[in-house]
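Undergrad: Take a look at this one; I'll ask things after.
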Amino acid sequence: MAHGVNANLARRWVLDAERRGGDALANAAGGAVAIAFVPVQLPPADAAPIDIRIELRRGPIAISVSWPCTAASQCGAWMRELLR
260 MAHGVNANLA RRWVLDAERR GGDALANAAG GAVAIAFVPV QLPPADAAPI DIRIELRRGP
320 IAISVSWPCT AASQCGAWMR ELLR
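According to the numbering used here, the sequence shown is numbered sequentially starting from 260.
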């Protein structure tokens, strides 16, 4: 099934609903009850960090750099040059 629901389980749900009187609702509406799955949009579990943060310490000197993630390759090139 398109939404990953087991067909046997879906059939069992339909039979359980009919036994509980779900067919009475369909009959009252003239049989025009539309049943559909509603997709749910969930936010990402972990939002990606906005910046790359680097702290460098060498003796009494401390440098803190914040670099945008969209320019990660440029940050890498900068770090390679810095560490030469």
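Cβ coordinates follow ideal geometry from the N, Cα and C atoms, glycine included.
(1) Would you mind reading off the limits of the beta strand (DSSP E) that contains V324?
(2) Do you know whose CA, among A276, Q333, I313, lies nearest A321's CA?
(3) Reducing DSSP to helix, strand and coil, say where L315 ends up.
(4) I311 to P327, Cα distance in whole Å?
(5) Are the Cβ atoms of M264 and F296 separated by less than 9 Å?
TA: This is what the structure gives:
(1) V324 -> beta strand (DSSP E) spans 320-327.
(2) Among A276, Q333, I313, the Cα nearest to that of A321 belongs to I313.
(3) In the structure shown, L315 sits in a strand (DSSP, three-state: E or B).
(4) Rounded to the nearest angstrom, the gap between the Cα atoms of I311 and P327 is 6 Å.
(5) At residue 264 the sequence reads Val, which differs from the Met that was named. Against a cut-off of 9 Å, the Cβ pair of F296 and V264 comes out as a contact.
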